[in-house]
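Let me begin by presenting the structure, written as structure tokens, before commenting on it.
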Amino acid sequence: MPDIEFETVSQRIRALFESLTRAERQLANRMLENYPVSSMGSITTVAEEAGVSAPTVARMARKLGFSGFPDLQAALRRELEAAISDPITKHDHWASDADTTHILYRFTESVLDNLRNSLKQIDIEAFDRTVSLLSDRRHALHIVGGRITRSLADYFFTHMQVIRPDVTLVASNSNSWPHYLLNMQEGDVLVVFDIRRYEHNIVRLAEVAQSRGVSVVLITDQWGSPASKHSTVTFNLRIEVPSAWDSSVVPMTLVESLIAAVQADCWEETKARMKTLEDLFDHTKLFRKFL
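Just so you know, UniProt numbering puts 130 at position 130 of the sequence shown, and the rest follows in order with no gaps.
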């Protein structure tokens with residue numbers, strides 16, 4: 001297993017899954033099924049619900065790097081608290097830090113640390129698979145974001161709309177989502193942005209889209225949106241910084257990397273679209289020309 005600092009219990013489970021026994025895999029699947037709630041009961045309850053023995057649960061906790069089941073549950077509680085934190089709680093968490101370094105340097109170092117650790121955890125095969133999905137012009141592409149992440153969705157949409165046809169930015173008003181779902185066909189791709197304080201409607205959209213045969217690409221944080229249960233590919237990215245707000249730097253880096261990769265994957269078609277677009281810009285005199 002690569003030397004990676006795992007942020008969540010779920011990441012540890014997935015990394016170790018292939019090395020688990022049959023009973024442990026059964027337990028792992030149950031733990032991930034309604035994560036992290038499914039592991040918050042007593043060791044007896046968790047074992048019964050997974051159909052395994054209590055010693056199996058204890059052994060699993062140790063395999064995941066914890067001293068025992070109580071230690072594992074403590075980690076899950078910390079995850080849950082972090083995932084549902086509001087801006088005031090986030091601010092107070094960082095404000096309690098005695099570090100007197102200037103905020104510019106502290107913030108930048110946090111962002112760089114987020115980027116380094118996120119890159120370690122991104123599966124290159126998953127990235128390449130996503131590029132193939134996004135490049136496939138036989139199927140439409142749909143993009144949606146939440147209250148904060150809709151700006152990322154809009155940025156991604158603007159670039160993908162130039163690169164390829166049949167790209168739709170799903171409106172942030174969930175009342176209109178059934179109309180968008182009506183146009184989603186089997187084989188289409190839905191890119192979903194959802195970070196902590198996860199939005200119920202986005203999770204529901206991903207669920208219904210998946211049921212219609214749509215491939216869901218989820219861009220989320222290190223704790224993981226519940227929408228991951230319905231995703232084909234999930235990217236868990238670091239977002240914590242010394243602020244009341246989470247950082248979008250790492251998600252934006254992934255977005256721009258995907259844009260560059262898809263553009264390179266179908267450059268001739270994209271180049272033709274860009275030339276046509278430039279002609280339209282000239283015709284509408286959108287940009288000022290100095291010569």
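Beta carbons: idealized from backbone N, C-alpha and C, even for Gly.
3-residue-minimum beta strand (DSSP E) runs that sit fully inside the segment 92 to 172, ordered along the chain: 141 to 144, 167 to 169
Option nearest S247 by Cα separation, candidates R196, N183, K63, F157: R196
Range covered by the alpha helix (DSSP H) that runs through L237: Note, L237: premise wrong, no alpha helix (DSSP H); beta strand (DSSP E) at 233 to 237.
Determine contact between the segment 115 to 126 and the segment 164 to 180, defined as no fewer than three beta-carbon pairs at a distance below 8 Å. no
T130 to V233, Cα distance in whole Å? 7 Å
Status (buried if at least 16 other CB within 10 Å, exposed otherwise) for G145: buried
Across the segment 67 to 82 and the segment 39 to 57, are there enough close Cβ pairs to call them in contact, namely three or more that are closer than 8 Å? yes
Could you give the first and the last residue of the continuous beta strand (DSSP E) run that contains F193? 189 to 193
Identity of the residue in D113, V189, F157, Q185 nearest R212 by Cα: Q185
For V216, which option in V203, E109, C266 has the closest C-alpha, if you only look at C-alpha atoms? V203
For the beta strand (DSSP E) containing L286, list its first residue and its last residue. From DSSP, L286 is part of no beta strand (DSSP E); its letter is neither H nor E.
Between A206 and P36, what straight-line distance do the alpha-carbon atoms span, to the nearest angstrom? 19 Å
Threshold first: 4 residues or longer. Then list the alpha helix (DSSP H) segments lying entirely within the UniProt domain "HTH rpiR-type" (7 to 83), N to C. 9 to 16, 22 to 33, 43 to 50, 54 to 63, 69 to 83
Contact under 8 Å by Cβ, L218 with L237: no
For D265, name the three-state secondary structure that DSSP assigns. helix
With a 10 Å radius around its C-beta and 16 neighbouring C-beta atoms as the bar for buried, classify F281 as buried or exposed. exposed
Can you tell me which of I124, Y105, A82, V170 puts its alpha carbon nearest to the alpha carbon of S225? A82
Extent of the continuous beta strand (DSSP E) run through V241: Taken as a continuous stretch (DSSP letters only), V241 belongs to no beta strand (DSSP E), as it is neither H nor E.
Apply the 10 Å Cβ neighbour rule to E199 and answer buried if 16 or more other Cβ atoms are within range, or exposed otherwise. buried
Please report the distance separating the alpha-carbon of E18 from that of E269. 41 Å
CA-CA distance, R106 and Q222? 20 Å
Just how far apart, CA to CA, sit E240 and V52? 36 Å
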